[in-house]
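Quick notes on the structure that follows.
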Amino acid sequence: MRILIIGGGGREHALAWKLSQSSSVEAIFCVPGNAGIAAIAHCVKVDMEDLPALAALARKNKVDLTIVGPEAPLVAGIVDYFWQEGLTILGPERKAALLEGSKVWAKEFMMEYGIPTAGYEFFSNYQAALDYVRHQERPLVIKADGLAAGKGVYVTNNTEEADMALQQIMVDKIYGDAGNRVVIEEKLQGEEVSLLALTDGNDFWVMPSSQDHKPIGEGDSGPNTGGMGAYSPAPVINFAKTKYVKEKVFKPLIEGMQRKSLIYRGVIYAGLMITDDGPKVLEFNARFGDPETQAILPRLNSDLASVLLSAAKGKLKGDWHWKDEAAVCVIMASGGYPGSYEKGKVIKGLDDAAQEAGVFVFHSGTAKEGKLIVTAGGRVLSITAMETGIKEAVEKAYRAVDKIDFEGAYCRRDIAYRAL
Ligand code: AMP
Ligand code: GLY
Numbered sequence: 006m007r008i009l010i011i012g013g014g015g016r017e018h019a020l021a022w023k024l025s026q027s028s029s030v031e032a033i034f035c036v037p038g039n040a041g042i043a044a045i046a047h048c049v050k051v052d053m054e055d056l057p058a059l060a061a062l063a064r065k066n067k068v069d070l071t072i073v074g075p076e077a078p079l080v081a082g083i084v085d086y087f088w089q090e091g092l093t094i095l096g097p098e099r100k101a102a103l104l105e106g107s108k109v110w111a112k113e114f115m116m117e118y119g120i121p122t123a124g125y126e127f128f129s130n131y132q133a134a135l136d137y138v139r140h141q142e143r144p145l146v147i148k149a150d151g152l153a154a155g156k157g158v159y160v161t162n163n164t165e166e167a168d169m170a171l172q173q174i175m176v177d178k179i180y181g182d183a184g185n186r187v188v189i190e191e192k193l194q195g196e197e198v199s200l201l202a203l204t205d206g207n208d209f210w211v212m213p214s215s216q217d218h219k220p221i222g223e224g225d226s227g228p229n230t231g232g233m234g235a236y237s238p239a240p241v242i243n244f245a246k247t248k249y250v251k252e253k254v255f256k257p258l259i260e261g262m263q264r265k266s267l268i269y270r271g272v273i274y275a276g277l278m279i280t281d282d283g284p285k286v287l288e289f290n291a292r293f294g295d296p297e298t299q300a301i302l303p304r305l306n307s308d309l310a311s312v313l314l315s316a317a318k319g320k321l322k323g324d325w326h327w328k329d330e331a332a333v334c335v336i337m338a339s340g341g342y343p344g345s346y347e348k349g350k351v352i353k354g355l356d357d358a359a360q361e362a363g364v365f366v367f368h369s370g371t372a373k374e375g376k377l378i379v380t381a382g383g384r385v386l387s388i389t390a391m392e393t394g395i396k397e398a399v400e401k402a403y404r405a406v407d408k409i410d411f412e413g414a415y416c417r418r419d420i421a422y423r424a425l
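Those letters in the sequence shown? Residues 6 to 425, by our numbering.
Printed below as a string of structure tokens:
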């Protein structure tokens, strides 16, 4: 099998690494990839939203399956385009990707099919939104409707903060057209967990649970990032709650897509809050999570390529098995991230860190400069460790982190604290 992966972060490195272990996989291509992915795949520089160029690349290299990492190409309709070209690709068609591409669409979908989520209103008029928040006593969460690279969500504590969020989204338009509409919802209390499922449009298989750490600072302080670390499994969700999410979230979602005649073959990412009233959906993503994937895939004991191909072809086949061990992923970031940061810092100690068995050094934002590997993004490395338990995995992950050095390197020191 010949595979094309779209994306160039830690999630795509973990995917490429796991796929490279499949005996059925003959070659892996990656657009654009990074310095770590380049060691196991052919990296090609093509614009990730240039659909004709991506399809041409897949055809030229006789690719059997394309896997899309980030959301933007899905929302731009890469799946529809590849299908028209007769290519096999894993992901929802453009209209089904609105589950991630439009928070208003996702909320209306959840209401229609009875999927548990926070109560909400949506507005396209700034004045009406402002009047609404000024008359609410409870804390609100304000979300830009469209894609905002994970930044368009404001968890507010009072009217002033809510006013400011509306100002930034709807007036200053800091997320552009993504802020033409806002969802305003009740703030839920509880602990978060990510549950990902793979669907062929009919049937679905759930992956082990995981938990992301979005804020930059320890104890979940400071601004949100793309994710500073993850671990799997997340003990906050037990067997009974997972069963509830299968029945009340994934099953109605897939049935809803079918009723709307939308084809969704790919990964459904449910971001959940475990509240006193049970799990509720905070958001859906139409793809693998980053950094959840870096903590989930090392636990997979089966051939990922054949399972993903079967889903993309519309009939999940075979089975997958997961290791009992825990996995913990710590993100090493550039100093200054998620604000401005410098690139091009030489990274040392990568080989040394990867020496210990059960340590995986996934690259998030790296590039090659001659023989050197340098930083090339806000999130630089995803250091994952597997061990018998979460505590042991945490220790092992930080042992590896401490062997790596680059100027300004930053990581949270408390990844997985909720599970410990
Ligand atoms: P989202 O991109 O919608 O998942 O939102 C980003 C983050 O904002 C989530 O991971 C939560 O930490 C937080 N969040 C979103 N919606 C809510 C909500 N209704 N109540 C509390 N926190 C929320
Ligand atoms: N870990 C959050 C995301 O992938 O969107």
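Here a beta-carbon is modelled for each residue, glycine too, at the ideal position from N, C-alpha and C.
(Q) Counting C-beta neighbours from all protein chains within 10 Å, is the total for His326 16 or more, i.e. buried, or is it exposed? (A) Within the sequence shown, numbered from 1, the residue matching residue 326 stands at position 321. When all chains shown are included, His326 counts as exposed.
Q: Kindly confirm or deny that the region 383-401 and the region 179-199 touch, where touching means at least three C-beta pairs closer than 8 Å.
A: no
Q.
Between Met278 and ligand 1, is there a pair consisting of the residue's CB and a ligand heavy atom that are separated by less than 7 Å?
A. Position 273 of the sequence shown, counted from the start, is the residue given in the question as residue 278. Because some heavy atom of ligand 1 lies under 7 Å away, the Cβ of Met278 counts as near it: yes.
Q. Ordered along the chain, which non-local residues of its own chain (more than five positions away) have a Cβ less than 7 Å from that of Glu126?
A. Looking up residue 126 in the sequence shown gives position 121. Hits under 7 Å: Tyr137 and Ile189.
Q: Starting from the C-beta of Ile268, find all residues in its chain whose C-beta is less than 6 Å away, skip the five residues before and the five after it, and write them out in chain order.
A: For this step, residue 268 is matched to residue 263 along the sequence shown. Hits under 6 Å: Glu98 and Gly206.
Q | Beta bridge counterpart(s) of His47 as assigned by DSSP | A | Translated into positions along the sequence shown, residue 47 becomes position 42. Under DSSP, His47 forms a beta bridge with Phe34.
Q) Looking only at DSSP bridge pairs, what is Gly206 linked to? A) In the sequence shown, the residue the question calls residue 206 occupies position 201. Beta-bridge pairing links Gly206 to no other residue.
Q: Tell me whether Arg64 is buried or exposed, calling it buried when 16 or more other Cβ atoms sit within 10 Å of its Cβ.
A: On the sequence shown, residue 64 is found 59 positions in, with the first residue counted as 1. Flag for Arg64 reads exposed.
(Q) Would Gly271 and Glu288 be called neighbours here (beta carbons separated by less than 8 Å)? (A) Along the sequence shown, read from residue 1 onward, the residue named residue 271 stands at position 266. Along the sequence shown, read from residue 1 onward, the residue named residue 288 stands at position 283. No, Cβ-Cβ distance for Gly271 and Glu288 is not below 8 Å.
(Q) Let's test the definition: count the other Cβ atoms within 10 Å of the Cβ of Glu260 and tell me whether it reaches 16, buried, or not, exposed. (A) If you number the sequence shown from 1, residue 260 lands on position 255. Classification of Glu260: exposed, given that the 10 Å Cβ count is below 16.
Q | Any heavy atom of ligand 2 within less than 6 Å of residue CB: hits in chain order | A | Gly155, Asp217, Gly232, Asn290, Gly294, Asp295 and Glu297
Q) What residue does the alpha helix (DSSP H) around Thr71 start on, and which one ends it? A) For this step, residue 71 is matched to residue 66 along the sequence shown. No alpha helix (DSSP H) holds Thr71; the beta strand (DSSP E) holding it covers Leu70 to Val73.
Q: Note down, in chain order, each residue of its chain lying with its Cβ closer than 8 Å to the Cβ of Gly340, except the 5 sequence neighbours on either side.
A: On the sequence shown, residue 340 is found 335 positions in, with the first residue counted as 1. Sequence-distant Cβ neighbours of Gly340 in its own chain, meaning closer than 8 Å and more than five residues away, are Tyr346, Glu347, Glu412, Gly413, Ala414 and Tyr415.
Q) Mind checking His18: buried by the 16 CB within 10 Å criterion, or exposed? A) For this step, residue 18 is matched to residue 13 along the sequence shown. It is buried - the Cβ of His18 has at least 16 other Cβ atoms within 10 Å.
Q. Do Leu200 and ligand 1 come close, with the Cβ less than 7 Å from some heavy atom?
A. Reading the sequence shown from its first residue, position 195 is the one you call residue 200. No, since every heavy atom of ligand 1 falls outside the 7 Å radius drawn around the Cβ of Leu200.
**Q.** Closer than 7 Å: Val158 CB and nearest ligand 1 heavy atom
**A.** As a first step, residue 158 must be located in the sequence shown, where it is residue number 153. Yes, ligand 1 has a heavy atom inside 7 Å of this Cβ.
Q. Is Lys328 near ligand 1, going by C-beta to nearest heavy atom under 7 Å?
A. Here residue 328 refers to the residue found at position 323 of the sequence shown. Lys328 Cβ: outside cutoff for every heavy atom of ligand 1.
(Q) When you compare the region 368-380 with the region 32-49, are there three or more beta-carbon pairs, one atom per stretch, that lie closer than 8 Å? (A) yes
Q: Check whether the Cβ atoms of Val335 and Val406 lie closer than 8 Å to each other.
A: As a working mapping, residue 335 is identified with position 330 in the sequence shown. As a working mapping, residue 406 is identified with position 401 in the sequence shown. Going by C-beta atoms, Val335 is nearer than 8 Å to Val406.
Q: Please name the residue, chosen from Ser27, Met53 and Ser28, that lies closest to Cys35 on a Cα-to-Cα basis.
A: The count along the sequence shown starts at 1 and reaches residue 35 at position 30. Cα-wise, what sits closest to Cys35 is Met53.
(Q) For the pair the region 247-256 and the region 153-173, tell me if three or more CB-CB distances fall below 8 Å. (A) no
Q. Which residues mark the beginning and the end of the beta strand (DSSP E) in which Arg7 is found?
A. Position 2 of the sequence shown, counted from the start, is the residue given in the question as residue 7. Arg7 -> beta strand (DSSP E) spans Arg7 to Gly12.
Q) DSSP on Tyr422, reduced to helix/strand/coil? A) Here residue 422 refers to the residue found at position 417 when the sequence shown is read from its first residue. The answer is helix: DSSP assigns Tyr422 an H, G or I state.
Q.
Classify Phe293: buried if its beta carbon has 16 or more other beta carbons within 10 angstroms, exposed otherwise.
A. The residue you call residue 293 lines up with position 288 of the sequence shown. Counting the other CB atoms within 10 Å of its CB gives Phe293 a total of 16 or more, which places it among the buried residues.
Q: Determine which residues share a DSSP beta bridge with Arg270 and list them.
A: Here residue 270 is taken as the residue at index 265 of the sequence shown, counted from 1. For Arg270, which the question treats as bridged, DSSP gives the partners Gly96.
Q.
With a threshold of 8 Å, are at least 3 pairs of Cβ atoms found where one atom belongs to the region 225-242 and the other to the region 297-313?
A. yes
Q: Flag Ala123 as yes when its Cβ comes closer than 7 Å to any non-hydrogen atom of ligand 1, and as no otherwise.
A: Translated into the one-based positions of the sequence shown, residue 123 becomes position 118. At least one heavy atom of ligand 1 is nearer than 7 Å to the Cβ of Ala123, so yes.
Q.
Given this structure, state the Cα-to-Cα distance separating Ile45 from Glu31, to the nearest angstrom.
A. As a first step, residue 45 is located in the sequence shown; it is residue number 40 there, counting from the start. As a first step, residue 31 is located in the sequence shown; it is residue number 26 there, counting from the start. Using only the alpha carbons, I get a separation of about 11 Å.
Q | Same chain, Cβ closer than 6 Å to Met278, neighbours up to 5 away in sequence not counted | A | Position 273 of the sequence shown holds residue 278. Around Met278: Leu193, Gly195, Glu197, Lys285 and Leu287.
Q.
Using the three-state DSSP reduction, which class does His18 fall into: helix, strand or coil?
A. Along the sequence shown, one-based indexing puts residue 18 at 13. Note: His18 maps to helix in three-state DSSP.
Q.
Given this structure, state the Cα-to-Cα distance separating Ser387 from Ile10, to the nearest angstrom.
A. Stepping through the sequence shown from its first residue, residue 387 is reached at position 382. Stepping through the sequence shown from its first residue, residue 10 is reached at position 5. Their Cα atoms are separated by approximately 18 Å.
Q. If we count Cβ pairs, one from each stretch, closer than 8 Å, do we get three or more for the region 115-131 versus the region 62-77?
A. no
Q) When you compare only the Cα positions, how much space is there between Leu313 and Val68? A) Translated into positions along the sequence shown, residue 313 becomes position 308. Translated into positions along the sequence shown, residue 68 becomes position 63. Whole-angstrom Cα-Cα distance: 14 Å.
(Q) Please give the ranges of any alpha helix (DSSP H) in the region 267-342, keeping only runs that are unbroken, at least 4 residues long and fully inside the region. (A) Runs of the alpha helix (DSSP H) lying entirely within the region 267-342 and spanning at least 4 residues, in chain order: 297-301 and 309-317.
Q: Decide if the region 105-123 is in contact with the region 139-157; the criterion is three or more beta carbon pairs, one per stretch, under 8 Å apart.
A: yes
Q. Span of the alpha helix (DSSP H) holding Val399?
A. As a first step, residue 399 must be located in the sequence shown, where it is residue number 394. Val399 -> alpha helix (DSSP H) spans Ile395 to Val406.
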